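A.B. asks: Dumping the structure here so I can ask a few things about it.
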Amino acid sequence: EAGVAQSPRYKIIEKRQSVAFWCNPISGHATLYWYQQILGQGPKLLIQFQNNGVVDDSQLPKDRFSAERLKGVDSTLKIQPAKLEDSAVYLCASSGGPSEETQYFGPGTRLLVL
Amino acid sequence: SQKIEQNSEALNIQEGKTATLTCNYTNYSPAYLQWYRQDPGRGPVFLLLIRENEKEKRKERLKVTFDTTLKQSLFHITASQPADSATYLCALEYSGYALNFGKGTSLLVTP
Numbered sequence: 001e002a003g004v005a006q007s008p009r010y011k012i013i014e015k016r017q018s019v020a021f022w023c024n025p026i027s028g029h030a031t032l033y034w035y036q037q038i039l040g041q042g043p044k045l046l047i048q049f050q051n052n053g054v055v056d057d058s059q060l061p062k063d064r065f066s067a068e069r070l071k072g073v074d075s076t077l078k079i080q081p082a083k084l085e086d087s088a089v090y091l092c093a094s095s096g097g098p099s100e101e102t103q104y105f106g107p108g109t110r111l112l113v114l
Numbered sequence: 115s116q117k118i119e120q121n122s123e124a125l126n127i128q129e130g131k132t133a134t135l136t137c138n139y140t141n142y143s144p145a146y147l148q149w150y151r152q153d154p155g156r157g158p159v160f161l162l163l164i165r166e167n168e169k170e171k172r173k174e175r176l177k178v179t180f181d182t183t184l185k186q187s188l189f190h191i192t193a194s195q196p197a198d199s200a201t202y203l204c205a206l207e208y209s210g211y212a213l214n215f216g217k218g219t220s221l222l223v224t225p
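Note that the protein sequences, when read in sequence, are chains E and H.
Yeah, the first sequence ends on 114 if you go by this note's numbering, and it's all consecutive.
Yeah, the second sequence ends on 225 if you go by this note's numbering, and it's all consecutive.
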C-alpha cells in the first residue's frame, strides 16, 4: 500500500514570496490533516479535512495560509506572503477505514524562509 | 489551556535496558492517547493507541499505560536496541480525531 506522498521535499524562498505544498493521501482515506512542525517542537495541527470539507481550521493563520482539498483526494497548502517564522516542516497526514484514529504521515516538506 | 508535557531532557540509556518515557497533560479529557516515533527528516510513525478505559497496552517490546486520574501516560521500551534511538511523540485526541502533540522526547540507546 502506497503511503502519503508530499512534494516538494525542500523549498527555500525569500520572505514575502508565496509557496505551495502538495499532498496525496493514502487511497480511500477520507480525513486529511496538515501540520506545521517547528524545529524542536511537536507537530501543530493547521487544518483538518473530512472528504473535501473543512472540519477544523482554528489554528490556521488565515491571513496568509490557505488550503484546499478538491474532489476529496489531493490537497494543497499555500502560504502567501511567507514570513521568516514560517520556516518549518509541513507534514501531511491521512486517516480512514476501520482505524480512523490512526494517522499516517508523509515525509514532510521542509521550508526555509530567508 | 490544554497542555502536554514530555520529558524535556533527552534520554540516554544502555542497550538492553528498559526506556521509560513520560507524558503528562492538563485541562484534557481525551478519549484516547497515542504514541508516535519520529526519525530525523521523516514524518511521525504510529506505534500504539490506548483508550481512556484501558490501563495498559502492549505490542512486542512496547508497553503503554494510561492513568486518567494522574493525567499521565508512560511509554516503555524493554530490551532497548540502538535502532530504537529516535524522538517519541505523545499525542492526545481533542476533537474528531484531531491530535495535539507534545514536544517529544529524544531517546538515544548506546551499545
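Yeah, the Cβ is synthetic: ideal placement off N, Cα and C, and Gly gets one too.
These figures come from a predicted structure and were not determined experimentally.
What whole-angstrom Cβ distance do alanine 88 of chain E and glutamine 17 of chain E have, given they're in contact under 8 Å?
C.D. replies: Along the first sequence, read from residue 1 onward, the residue named residue 88 of chain E stands at position 88. Along the first sequence, read from residue 1 onward, the residue named residue 17 of chain E stands at position 17. With 8 Å as the limit, alanine 88 of chain E and glutamine 17 of chain E do not qualify as a contact, their Cβ atoms being about 16 Å apart.
A.B. asks: Which of the three DSSP states is assigned to alanine 124 of chain H in this structure?
C.D. replies: Working through the second sequence from its first residue, we reach residue 124 of chain H at position 10. Of the three classes helix, strand and coil, the one that applies to alanine 124 of chain H here is coil, per DSSP.
A.B. asks: Within 10 Å of its beta-carbon, does glycine 157 of chain H have 16 or more other beta-carbons around it, so buried, or fewer, so exposed?
C.D. replies: Along the second sequence, read from residue 1 onward, the residue named residue 157 of chain H stands at position 43. Glycine 157 of chain H comes out buried.
A.B. asks: For proline 227 of chain H, which of H/Asn121, H/Leu162, H/Gln116 and H/Pro154 has the nearest alpha-carbon?
C.D. replies: The displayed coordinates of chain H run from 115 to 225. Any statement about residue 227 of chain H would go beyond what the structure contains.
A.B. asks: Quick check on DSSP: helix, strand or coil for aspartate 56 of chain E?
C.D. replies: On the first sequence, position 56 is the one that residue 56 of chain E refers to. It is a strand residue.
A.B. asks: Distance cutoff 8 Å, beta carbons only. Does phenylalanine 105 of chain E sit that close to anything in chain H?
C.D. replies: Taking the first residue of the first sequence as 1, we reach residue 105 of chain E at position 105. With 8 Å as the cut-off, phenylalanine 105 of chain E counts as an interface residue toward chain H.
A.B. asks: For lysine 177 of chain H, report the span of its beta strand (DSSP E) as first-last.
C.D. replies: For the purposes of this step, residue 177 of chain H is taken as the residue at position 63 of the second sequence. From DSSP, the beta strand (DSSP E) with lysine 177 of chain H extends over 176 to 181.
A.B. asks: Does any C-beta atom of chain E lie closer than 8 Å to the C-beta of glycine 130 of chain H?
C.D. replies: Locating residue 130 of chain H in the second sequence gives position 16, where the first residue counts as 1. With 8 Å as the cut-off, glycine 130 of chain H does not count as an interface residue toward chain E.
A.B. asks: Using C-beta distances below 7 Å, list every residue in its chain close to glutamate 68 of chain E, excluding the 5 sequence neighbours before and after it, in chain order.
C.D. replies: Here residue 68 of chain E is taken as the residue at index 68 of the first sequence, counted from 1. Once the five neighbours on either side are set aside, the close Cβ partners of glutamate 68 of chain E are Ser75 and Thr76.
A.B. asks: Put serine 99 of chain E into one of helix, strand or coil per three-state DSSP.
C.D. replies: Taking the first sequence and counting its residues from 1, the one referred to as residue 99 of chain E is at position 99. Three-state DSSP puts serine 99 of chain E in a helix.
A.B. asks: So lysine 78 of chain E and alanine 20 of chain E are in contact, right, with Cβ under 8 Å, and what is the actual spacing, rounded?
C.D. replies: Along the first sequence, read from residue 1 onward, the residue named residue 78 of chain E stands at position 78. Along the first sequence, read from residue 1 onward, the residue named residue 20 of chain E stands at position 20. With 8 Å as the limit, lysine 78 of chain E and alanine 20 of chain E qualify as a contact, their Cβ atoms being about 5 Å apart.
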